[in-house]
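Residue numbers (the numbering used here): 4 to 173.
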């Protein structure tokens, strides 16, 4: 799929809606060149420190966590409707047990601004470099949110990724 550079804010309200259903595909590549993908449905796009930022939340128990910790880069890929089944698979199977790209014949290409990959079938891609991270602090969280989302364990790390490039199919 041919993509062209666009402003990160292009179609932002549509992107936020699609983040929740069916979710986006978060990809990171280790320095060794191995990549992993996971489904995300929590995230935020905005301006922080005068930079366009995509915030993603990844639990330390997730395989993708190792990849972002190693390389400090990621891409966020917005899937088309025809990938909905694969998006569900990426949210339910671990890359520790299966090569989700190879097992499902998913084509990828190198990102343009970060040493990671993008998913060819995705019409919109954000390429990000981690500029900061925070860990969710249970003691500072609303009790109902903590109970519903964590139950006392496996708290997310929030990565602040500077959006270095946004590409969309024209």
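For each residue, glycine too, the CB sits at the ideal point set by N, CA and C.
In the three-state DSSP reduction, residue 92 falls in the helix class (H, G or I). Here DSSP, grouped into helix, strand and coil, assigns residue 50 to strand. For the pair residue 49 and residue 100, the Cα-to-Cα distance works out to about 34 Å. Separation of residue 80 and residue 120 (C-alpha to C-alpha, rounded to the nearest whole angstrom) is 10 Å.
Within the model, the alpha-carbon separation for residue 169 versus residue 38 is close to 20 Å. Counting every other CB atom within 10 Å of its CB across the protein chains shown gives residue 88 a total below 16, marking it as exposed.
Counting along the chain, the unbroken beta strand (DSSP E) around residue 129 starts and ends at 127-138. Assigned with DSSP and collapsed to three states, residue 39 falls in strand. Inclusion of residue 171 and residue 40 in the CB contact set at 9 Å is not warranted, their separation being larger than that value. Beyond the five residues adjoining it in sequence on each side, residue 62 comes within less than 8 Å, by CB distance, of 68, 157, 158, 159 and 160 in the same chain, given in chain order.
Your pair residue 27 and residue 51 does not check out as a contact, with CB atoms roughly 19 Å apart and the cut at 8 Å.
In its chain, beyond the 5 residues on either side, 75, 76, 117, 164, 165 and 167 have a beta carbon closer than 7 Å to the beta carbon of residue 132. In the structure shown, the three-state DSSP call for residue 79 is strand. Taking a contact as a CB-CB distance under 8 Å, the pair residue 70 and residue 31 counts as one, their CB atoms being some 4 Å apart. For the 9 Å CB-CB criterion, residue 25 and residue 91 form a contact. In this structure, DSSP gives residue 147 a helical state, which the three-state scheme calls helix.
Pairing residue 11 with residue 55 gives a Cβ-Cβ distance under 9 Å.
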